[in-house]
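This report refers to the structure that appears directly beneath it.
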Amino acid sequence: MPVQPEYNIILVEDDPDHATLINRAFETEAHCRLVITTSLAQAKSLINHTPPDLVITDIRLPDGHGTELLAPATGFPTIVMTSHGDEKVAVSAIKSGAAEYIVKTQESLASLPRTANRVMREWRLVIDQRLARERQQRLTAILEATPDLICIANLDGFLTYINQSGRKLLGIGKNEDVRRIRLADFHSPADGQKILSEGIPQAIRDGMWTDETTFMSLNGDKVLTSQVLISHRNNLGEIEFFSTIARDIRHLRAAEERVEYLAYYDTLTGLPNRNELAKRLDMEVVRVRRNQSFGALFFIDLDNFKNINDSLGHPAGDLVLQEMAQRLKGQVRGDDTVARLGGDEFIVILSSLSKDGRQAIARAREIANKIRDTISMECRIHETDLHVTASIGISMISEEASSGHDLLRFADTAMYEAKREGRNRVEFFSESMSSEVTRQLELENQLHRALKEDQFRLHYQPLVNTAMEIIGAEALIRWQNPELGLVAPAEFLDVLESSGQIVEVGGWVIETALKQMTLWMEQGLVAEDFMLCINISPRQFRDAGFADNIHRQLARVNLPSQNIMMEVTEHNIIHNIDDAILRMQELNQTGISFSLDDFGTGYSSLAHLKNLPVNHIKIDRSFVKDICHDPGDQAMVASILALSKHLGLEVVAEGVEELDQFHLLKQYGCKIYQGYYFSPPLSPDKMTGYLETKPPSDRR
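The opening position of the sequence shown corresponds to residue 23 in the working numbering, with each subsequent residue numbered one higher.
This is the structure we're talking about:
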């Protein structure tokens with residue numbers, strides 16, 4: 023049996039007899055706690071302190087009118103009493119919000135508890151109904167605001183409710199009556215049958231069924247959804263109705279398809295990417311073995327493509343790649359594959375060329391030449407006519423092919439051979455190329471070990487002035503190979519650069535050279551303005567941590583940055599001249615100077631020289647070698663010296679091997695020299711001994 027709630031009732035009555043009578047009437051109502059007050063002010067104070075469940079008030083009070091307690095904001099019912107019947111007063115009280123109005127008689131006051139209980143029940147019912155309406159309104163607002171289709175259907179499948187999102191998704195009018203509409207009519211025949219045979223039985227059995235279904239809207243749209251069908255039971259366990267929630271997942275499916283596409287296709291060109299290529303290449307190997315018909319793999323690399331990006335910008339480069347992709351697709355059959363490996367590299371798989379090996383090779387060569395010619399056709403980008411060429415490496419796909427990975431590696435090797443032979447060529451893979459690749463890989467491995475096993479050495483070649491006094495030295499790397507002996511840098515620097523090891527090895531060069539320079543200064547063997555020149559490779563110069571590494575190394579040995587000169591070649595900077603200038607200026611600000619090495623060999627040295635923050639330029643040894651006999655070299659050297667003087671730059675002539683060269687360069691105004699005539703590169707010990715042959719006062 024439910025527990026009777028306790029009610030807090032305030033009685034506002036200034037007549038003590040009436041108050042006593044009412045209080046006596048409520049004595050039998052154990053669930054009612056009656057608090058009696060005689061004034062309007064006291065009543066308001068009690069109400070503010072503890073809101074009551076009911077207020078019973080006389081209409082006329084010593085300090086006011088009882089209807090003042092009937093404010094609309096009150097959260098309790100009020101019974102208004104009067105000693106004289108007055109219909110106008112009653113109507114006014116009821117309109118003001120009174121729940122009941124009584125005329126005070128002995129009978130009405132004695133039955134007041136019964137009236138109070140009725141009023142409180144009716145009030146609670148009104149409150150419950152209002153709360154239910156508010157909950158319904160909130161729920162409806164939520165249902166109407168949700169982007170998902172939400173509907174309710176009776177046991178016959180006809181709709182009794184559908185939200186606005188559902189109407190929009192199905193194409194139903196905003197105010198259209200849906201009671202004669204069945205949701206099943208909007209499903210495709212296959213999905214409708216699935217819901218009848220699977221969905222409804224499972225929802226009845228388990229309470230819910232969910233799956234992906236397609237709705238056919240009245241507008242003709244096909245809407246893929248994630249649908250939930252729910253059965254709702256009453257207190258007797260009987261199913262009363264079904265509800266459905268359906269979420270439009272077309273955007274989700276499109277995103278999934280996009281992710282799938284990105285995993286296997288290149289976004290720029292729409293061609294298969296590396297992942298899809300690997301699958302197709304393996305399939306082609308299997309097909310060749312099954313059909314005993316030769317195929318071919320082309321590795322295509324656009325020549326000097328970086329120049330396009332650097333000169334016209336990456337957006338223009340992207341347009342070129344898109345154009346080349348279309349040209350490649352136009353040269354192959356539907357069963358063939360054109361893929362983008364990355365950057366400016368494309369792959370073509372030719373399927374089933376011929377069962378005869380020679381004919382297959384001839385056919386592959388013919389198609390490769392057509393592709394090369396097609397690529398080299400004029401390409402107009404941003405009002406600029408471009409002439410793009412490509413180097414193509416080919417590996418034939420035969421029954422003996424071991425794997426797609428090896429075929430790709432073979433074609434890559436052949437492509438590099440085509441570049442080595444002058445670019446814009448077609449080369450077939452051969453075993454001799456494989457041997458060269460193997461040798462290259464072995465050299466990379468040996469160089470990796472060389473750094474770990476401390477096989478690298480630094481030698482130092484002096485720089486002298488016109489008085490043949492030593493004013494600086496260039497640090498030059500050597501490799502003390504356990505088997506080959508001392509290896510010159512020309513044999514391994516390109517490998518270090520291409521493999522990326524040059525960054526780590528270059529860091530070792532800087533660290534070692536700075537330590538040696540610090541030692542010479544501590545020994546008093548070099549002057550305060552002695553210049554140590556360190557060569558910086560292109561990849562090392564572009565490395566993001568290059569400047570920070572220099573600063574750390576200088577701080578570690580406590581060496582003034584003014585004693586350091588970084589030697590860079592035009593190749594270091596020409597690909598991104600603005601970035602190079604910023605990097606050089608950053609180091610310039612700390613006192614480090616720069617020298618432009620091999621000056622005169624680049625096609626744009628003069629064009630950029632005035633903008634570069636360099637302090638020295640080095641005349642390339644190729645101009646010094648025949649300077650005594652070649653008027654052209656003499657004119658070049660004289661021009662470089664005149665230009666440098668005009669720009670306020672020092673000039674170093676490298677490769678000076680004869681006295682006549684020294685005299686002629688001196689005559690032209692050159693002030694700094696380097697070469698075997700003065701000294702070959704020396705080991706640290708020999709360089710130290712060389713410095714010790716002259717007292718410090720003779721050095722600058």
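For each residue, glycine too, the CB sits at the ideal point set by N, CA and C.
Residue i classed as buried or exposed, judged by whether at least 16 other C-beta atoms fall within 10 angstroms
{"i": "S413", "result": "buried"}
{"i": "D428", "result": "exposed"}
{"i": "K688", "result": "exposed"}
{"i": "T162", "result": "exposed"}
{"i": "K640", "result": "buried"}
{"i": "S617", "result": "buried"}
{"i": "D720", "result": "Low confidence applies to D720: its pLDDT is 46, below 50, so where it sits in the model is not reliable, and the reading given next is rough at best. By the 10 Å Cβ count, D720 comes out exposed."}
{"i": "L518", "result": "buried"}
{"i": "M23", "result": "Only weak support is given to the placement of M23: the predicted model assigns it a pLDDT of 48, under 50, and the value that follows is read from those uncertain coordinates. With fewer than 16 other Cβ atoms within 10 Å, it is exposed."}
{"i": "S219", "result": "exposed"}
{"i": "E28", "result": "exposed"}
{"i": "N176", "result": "exposed"}
{"i": "D378", "result": "exposed"}
{"i": "L131", "result": "buried"}
Residue i vs residue j beta-carbon contact at 8 Å
{"i": "V102", "j": "T127", "result": "no"}
{"i": "P484", "j": "F700", "result": "yes"}
{"i": "E496", "j": "Q696", "result": "yes"}
{"i": "N737", "j": "S521", "result": "The structure shown does not extend to residue 737, since the chain is modelled only from 23 to 722, so the question has no answer here."}
{"i": "T104", "j": "V77", "result": "no"}
{"i": "I499", "j": "V531", "result": "yes"}
{"i": "L33", "j": "V57", "result": "yes"}
{"i": "Q502", "j": "R479", "result": "yes"}
{"i": "L469", "j": "F514", "result": "yes"}
{"i": "M539", "j": "M587", "result": "no"}
{"i": "A115", "j": "I81", "result": "yes"}
{"i": "A225", "j": "I252", "result": "yes"}
{"i": "F237", "j": "A268", "result": "yes"}
{"i": "L350", "j": "I393", "result": "yes"}
{"i": "V678", "j": "I694", "result": "no"}
{"i": "A423", "j": "L375", "result": "no"}
{"i": "L191", "j": "D270", "result": "yes"}
{"i": "I172", "j": "G195", "result": "no"}
{"i": "T435", "j": "F450", "result": "no"}
{"i": "V548", "j": "L713", "result": "yes"}
{"i": "E608", "j": "V646", "result": "no"}
{"i": "L246", "j": "R272", "result": "yes"}
{"i": "L181", "j": "R201", "result": "yes"}
{"i": "I603", "j": "N633", "result": "yes"}
Reduced DSSP category for residue i - H, G, I as helix; E, B as strand; rest coil
{"i": "F611", "result": "Reading the sequence as shown, one finds Gln at residue 611 and not Phe. Of the three classes helix, strand and coil, the one that applies to Q611 here is coil, per DSSP."}
{"i": "R269", "result": "strand"}
{"i": "V102", "result": "strand"}
{"i": "M658", "result": "helix"}
{"i": "D720", "result": "In this prediction, D720 has a pLDDT of 46, which is less than 50 and means its spatial position is unreliable; what the coordinates show is noted afterwards. Correct three-state label for D720: helix."}
{"i": "N257", "result": "coil"}
{"i": "I558", "result": "coil"}
{"i": "G86", "result": "strand"}
{"i": "A743", "result": "Absent from the model: residue 743. The displayed extent of the chain is 23 to 722, so no value can be given."}
{"i": "E729", "result": "Residue numbering for the chain in the displayed model covers 23 to 722; residue 729 lies beyond these limits and cannot be assessed."}
{"i": "P73", "result": "coil"}
{"i": "I492", "result": "strand"}
{"i": "G507", "result": "strand"}
{"i": "D620", "result": "strand"}
7 Å Cβ shell around residue i - same chain, five flanking residues per side excluded
{"i": "A390", "result": "F320, I414, I416, V448"}
{"i": "P73", "result": "G97, F98"}
{"i": "P476", "result": "Note that residue 476 corresponds to Asp in the displayed sequence, not to Pro. Closer than 7 Å at the Cβ level, and outside the excluded window around D476, lies no residue."}
Chain C contact for residue i (CB, 8 Å cutoff)
{"i": "A489", "result": "Considering every chain present, this structure includes no chain C. It has just one protein chain."}
Own chain residues within Cβ distance below 8 Å of residue i, not counting five before or after
{"i": "K537", "result": "V579"}
{"i": "R302", "result": "P294, T359, A361, I371"}
{"i": "N344", "result": "Correcting the residue identity first, residue 344 is Gln in this sequence and not Asn. Same-chain partners within the cutoff: L290, T291."}
Close-in-space but distant-in-sequence residues of the same chain around residue i (CB under 6 Å, 5 per side omitted)
{"i": "D619", "result": "E589, T591, K640"}
{"i": "L408", "result": "C401"}
{"i": "L240", "result": "G193"}
{"i": "P511", "result": "I499"}
{"i": "D682", "result": "C650"}
{"i": "V636", "result": "F616, L618"}
Runs of alpha helix (DSSP H) lying entirely within the segment 156-228, each at least 4 residues, in chain order: 186-192, 211-216, 222-228
Unbroken stretches of the beta strand (DSSP E), 3 residues or longer, contained in the segment 337-424: 359-364, 367-376, 401-403, 406-408, 412-419
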